[in-house]
Amino acid sequence: MTRYIIRRLLQTIPLLLIISVILFVLANKMGDPLASFGGRRRIRSDDRERLTRKLGLDKPILVQYAIWLVGNDWMRVDIDGDGIPDEYGTRKGVLRGDFGKSFMEKRPVLEIIRERVSNTLILMLTCEVVILIFSLLIGIYSALRQYSTLDYVFTAFSFIGYSMPIFWLALILMYIFAVNFKQWGLPYFPTIGMYDLAVGRTVGQIAWHMVLPVATISIMSVAGYSRYVRSQMLEVISQDYIRTAYAKGLPERMVIMGHALKNAALPLVTIVGMDLPLLLSGAVVTESIFAWPGMGRLFWSAAQDTDIPVLMGILVIISALVVIFQIITDITYTFLDPRIRYN
Amino acid sequence: MSLKRLAWTTLLLATIASMFLAACAPATEPPGPPKTVTMTFFEEPDTFNAAYSGMWYAMLAYNIFNPGLWLWDNNLEPSLEMAAEFPTKENGLISEDGLTITIPLKEEAKWSDGEPVTAGDFVFTYEMILDPANTVQSTWPYADYLDSVTAQDDHMLVIKFGEPFAPWATTLFTFLMPEHVLRPVFEAEGTIDDAEWNRAGDVANGAFIVREWVAASHIILEANDNYWRGRPTIDEIYILIVPDDEAQMAAIKTGDTDIGIFLSYADIPTIEALEDVDVITVLSGYNESWFFNLNTDEDAAKNGHPALQDVRVRQAIAYAVDFDAICEELLFGGTYPPGTMWEETPYNYPDVNLYAYDPVMANSLLDDAGWVDSNDDGTRDKDGVELILTYSTTAGREVREQTQVVAQQYLADVGIGIEIANNSYDTMWNSYGDGGPIATGNYDIAEWSETTDFPDPNTSIFLCSEIPSDDVPVGGNWYGICDQEMDALFQAQALEMDPDKRIEQFHDIGKIMSDNVYWLGVWHDNDVWTINKRTSNIKISGGNPFWNCFEWDVSE
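Here's what the structure looks like:
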């Protein structure tokens, strides 16, 4: 197993390099990083020329990638635009932990990402917990009580929930539970932000502000996940070993939780394993609508502004996590199913 | 450990971790009962050092805590901040040749840390803008027009120009850097690119100081006790970063924000129905515009449709589209088509031809120009060339796309075909050198909202020298317009220091532009704001919206 893990980890190095090259080229083709610099006005021609040079965008894309990867503190750069290299650059490159500075915010990418990660984790971990609990409860119930009234109700709501565009669901929840509730004189949920600035950042405030965004994300996911659990459970509970377990006289709760769910959970583990690294990327639409200062919004604004260093920072970190979590998921299988062995 | 226990433990740990993360984050000290005004920004300022930003929302923020010589009030008159007097030739502060401007500074003006604001701060700001080690957003007009900025004494600033520069009042020293804070940084690091002050805003010369900036969430500003006018009436300003129009609208409805910014005309009827909220439109200098590709380059790919070279065709287009109806139907009557780019200002040519909707006149002009439907396909043609125009704007802006469809129908009625080819906003304005679709001439009609150096009328986008080419890859005259008479007027107005003469020059420019239909106004694009009625004394200006934040008040 140890050799397997080491081999998989070594394989990630060329894989991530290839991913980073592709991402870098795509990010550079997304648009003009200087297009947003003028604000509501167009950037002036002289300034465009100067900033293009200062940001290193005048160099061939492969040179830009090399600087992004290994830095430019080993080469002289032209500061004043006279064509003569003046002094050594300051970039260390991603391989030495320097993801560069945001074109827009003019500060280190990792600092920007670090500020947003905790906000996103607060939101997304809570969502993941809510999603798992409700998916399991609904999925198991629907499977055990197949074709019951509640199963039909859950099925109907699953399809509705899964079909709804998330922005629409977010706005509907916001208008019903914030705008309309206020108009009706009821206690209403906040529309935007993580907490009331007049009260401060307390656990209670964050929990209160999190209700609508969590509900938005969870409804969509519960709708999908509960269907997975239901179908897996249906398949498992018709297996011989489940009948054997019942025949042995085990209580239903133990049969379901101890035997059926354990086997039915494998596909869910795969999905959750893929979800976990993506938790860090946040929820673009939900974070934007509810003004939640997380990674999703950061990614969206960086994409809009073609802020290449920030985009690359987010994408490379997410890519690395996806690869690593895939390895972790594969290893988890061996614990859930003793028949699985890696050589 | 059993699977069940493992699962429950994981869930429990995840919940605890999420609560722990929430609790561990930096806490905000709960304030008492301060007087607070809350507003929503669609975009987050990129920095608090104005030299590093061209962003409109950043300007809104730094006007509050970091004003320069003066701000422009709601009548677009200068409201003096660090300057003690506004220079004119009459008061002798502008030299006869217009090349030297002397500006006395307020002796009582201080930074929030108690240090006096001096002419040295202005000189330092000038030096930092010009220093190539600093990645400032723009060196214009400092690098282009100024010979020197010097301190005659601590409170007397002297600016010398190489040639007269008419837009000086709206473009110079709209902000200020604290020398006592930033010079040590510059001396230590060789640049102020990474100075903490750029994001802290905690040493301020305006009515408020930045107390807290939580990225993508909010900015809290608190009253500056050292402000030269004295402590402002309210105690705090909350700026919430809300990157979604619908969310801002919900916040306006629930009262979560007092000031709503940059709303669309389509929102006006909804807002007007709200009891607690006033809606106002503010002159901002912007006009939704049509530009025609009039390039006559050797490279035919850069040129527009040949029909557009004929002024009668351009006039026919102007007559063929009912822009009043577009404003009435698509913008709910909230605005109207402007006559010139200087609508609602003294520079607007008063006798401009508004090209009121007249399809008969449009047909007549097209017939006269020789564009007739000779092959009965419904579209006019001439010498085998069909009169089909490519119409571009930014993709995704609903009202623009609706305008395209409506205009397409109007133009079809007079036999002009329209092909819509839109671009994403981040590529639309790419330079010629970067292959920008408009800059390289891949359009016949292009639409976006354009302004000048508002409130100054100056603009360089119609200068012959700005027509982009391989030699001028960053030129801004993407329309290829080179009218010698208009060009001379544009150049002359930029040097004219007599305000009355300048108005006359712009009237002449307006007449040429209108007669030749070099530019066509689709709608006058004033900014739409909402103000909650619990606030008072908020007088939004199109120049510097929050110029009077020192006297805002709220009632609970």
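Protein chains in written order, with my numbering: chain A, 21 to 363; chain B, 31 to 586. The beta-carbon is built from N, C-alpha and C at its ideal position, and this holds for glycine as well. Small disclaimer: the values here were computed from a predicted structure and weren't measured.
Span separating the alpha-carbon of residue i from that of residue j
| i | j | result |
| --- | --- | --- |
| A:Met-214 | B:Gly-236 | 28 angstroms |
| B:Asp-286 | B:Thr-300 | 17 angstroms |
| B:Ser-571 | B:Asp-352 | 30 angstroms |
| A:Arg-96 | B:Tyr-257 | 45 angstroms |
| B:Val-147 | B:Phe-203 | 13 angstroms |
| B:Ala-53 | B:Trp-102 | Residue confidence for B:Ala-53 is low, a pLDDT of 49 falling below 50, so the modelled location carries little weight; the figure read from the coordinates is stated next. Using only the alpha carbons, I get a separation of about 43 angstroms. |
| B:Val-240 | A:Val-305 | 29 angstroms |
| B:Asn-228 | B:Thr-77 | 6 angstroms |
| A:Ile-192 | A:Pro-207 | 17 angstroms |
| A:Val-223 | A:Ser-339 | 31 angstroms |
| A:Ile-118 | A:Trp-88 | Reading the sequence as shown, one finds Asp at residue 118 of chain A and not Ile. Looking at the two C-alpha atoms, the distance is approximately 8 angstroms. |
| B:Ile-222 | B:Phe-216 | 5 angstroms |
| A:Ile-276 | A:Ala-267 | 14 angstroms |
Whole-number beta carbon distance between residue j and residue i, since they are thought to touch under 8 angstroms
| i | j | result |
| --- | --- | --- |
| B:Gln-521 | A:Asp-67 | No, B:Gln-521 and A:Asp-67 are not in contact; Cβ-Cβ is about 21 angstroms, not under 8 angstroms. |
| B:Val-558 | B:Ile-249 | Not really, about 22 angstroms apart at Cβ, beyond 8 angstroms. |
| B:Gly-334 | B:Gly-471 | 7 angstroms |
| B:Leu-129 | B:Pro-194 | 6 angstroms |
| B:Ser-461 | B:Val-504 | 5 angstroms |
| A:Val-242 | A:Ser-155 | 5 angstroms |
| B:Tyr-366 | B:Cys-357 | 5 angstroms |
| B:Gly-445 | B:Leu-396 | 7 angstroms |
| A:Ile-212 | A:Ala-311 | 4 angstroms |
Contact list for residue i against chain B, beta-carbon separation under 8 angstroms
| i | result |
| --- | --- |
| A:Arg-136 | Ala-245, Ala-246 |
| A:Ala-198 | Ala-280, Thr-284 |
| A:Asp-52 | Asp-456, Thr-457, Trp-459, Asn-460, Ser-461, Asp-464, Gly-466 |
| A:Lys-74 | Thr-165 |
Neighbour flag for residue i against chain A, beta carbons, 8 angstroms
| i | result |
| --- | --- |
| B:Met-85 | yes |
| B:Arg-229 | yes |
| B:Tyr-172 | no |
| B:Glu-157 | no |
| B:Leu-251 | no |
| B:Glu-276 | yes |
| B:Asp-223 | yes |
| B:Tyr-82 | yes |
| B:Ser-571 | no |
| B:Thr-77 | yes |
| B:Tyr-268 | yes |
| B:Thr-365 | no |
| B:Thr-433 | no |
| B:Thr-11 | Residue 11 of chain B lies beyond the residue range present for chain B, which begins at 31 and ends at 586; the question has no answer from this structure. |
| B:Ala-53 | Any reading at B:Ala-53 needs caution, since the residue's pLDDT is 49, under 50, leaving its predicted position unreliable; the model's value is listed next. Yes, B:Ala-53 lies at the interface with chain A (some Cβ there is under 8 angstroms from its Cβ). |
| B:Thr-375 | no |
Contact set between residue i and chain A, taken where Cβ atoms lie within less than 7 angstroms
| i | result |
| --- | --- |
| B:Val-504 | Ser-65, Arg-68, Glu-69 |
| B:Ser-168 | Arg-64, Asp-67 |
| B:Thr-132 | The premise fails here: B:Thr-132 is roughly 27 angstroms from chain A at the closest Cβ pair, so nothing lies under 7 angstroms. |
Short CB-CB distance (under 8 angstroms) between residue i and chain B
| i | result |
| --- | --- |
| A:Ile-186 | no |
| A:Ile-218 | The sequence given here places Ala at residue 218 of chain A; Ile does not occur at that position. Cβ-Cβ to chain B under 8 angstroms: yes for A:Ala-218. |
| A:Tyr-208 | yes |
| A:Pro-287 | no |
| A:Ser-168 | no |
| A:Ser-308 | yes |
| A:Gly-333 | no |
| A:Thr-211 | yes |
| A:Gly-12 | Residue 12 of chain A lies beyond the range of chain A shown here (21 to 363); nothing can be said about it. |
| A:Arg-127 | yes |
| A:Pro-313 | yes |
Proximal residues of chain A, C-beta to C-beta of residue i below 8 angstroms
| i | result |
| --- | --- |
| B:Leu-338 | Near B:Leu-338 there are no residues of chain A at all, since even the closest Cβ is about 22 angstroms away, more than 8 angstroms. |
| B:Trp-271 | It should be noted that the sequence gives Ile, not Trp, for residue 271 of chain B. Ordered by position in chain A, the residues that pass the 8 angstroms Cβ test against B:Ile-271 are Ala-311, Pro-313. |
Listed by chain order, chain B residues near residue i by CB distance under 7 angstroms
| i | result |
| --- | --- |
| A:Tyr-195 | Ala-280 |
| A:Gly-117 | The premise fails here: A:Gly-117 is roughly 17 angstroms from chain B at the closest Cβ pair, so nothing lies under 7 angstroms. |
| A:Asp-100 | Pro-162 |
| A:Leu-191 | Glu-276 |
| A:Met-214 | Ser-247 |
Chain-ordered neighbours of residue i on chain B, where CB pairs are closer than 9 angstroms
| i | result |
| --- | --- |
| A:Leu-318 | Ala-245, Ala-246 |
Chain-ordered neighbours of residue i on chain A, where CB pairs are closer than 9 angstroms
| i | result |
| --- | --- |
| B:Val-429 | Near B:Val-429 there are no residues of chain A at all, since even the closest Cβ is about 16 angstroms away, more than 9 angstroms. |
Which runs of the alpha helix (DSSP H) at least 4 residues long sit entirely within the segment 505 to 536 of chain B? Give them in chain order. 514 to 525, all fully within the segment 505 to 536 of chain B.
Alpha helix (DSSP H) runs contained entirely in the segment 113 to 167 of chain A, provided each spans 4 or more residues: Correct list: 129 to 164.
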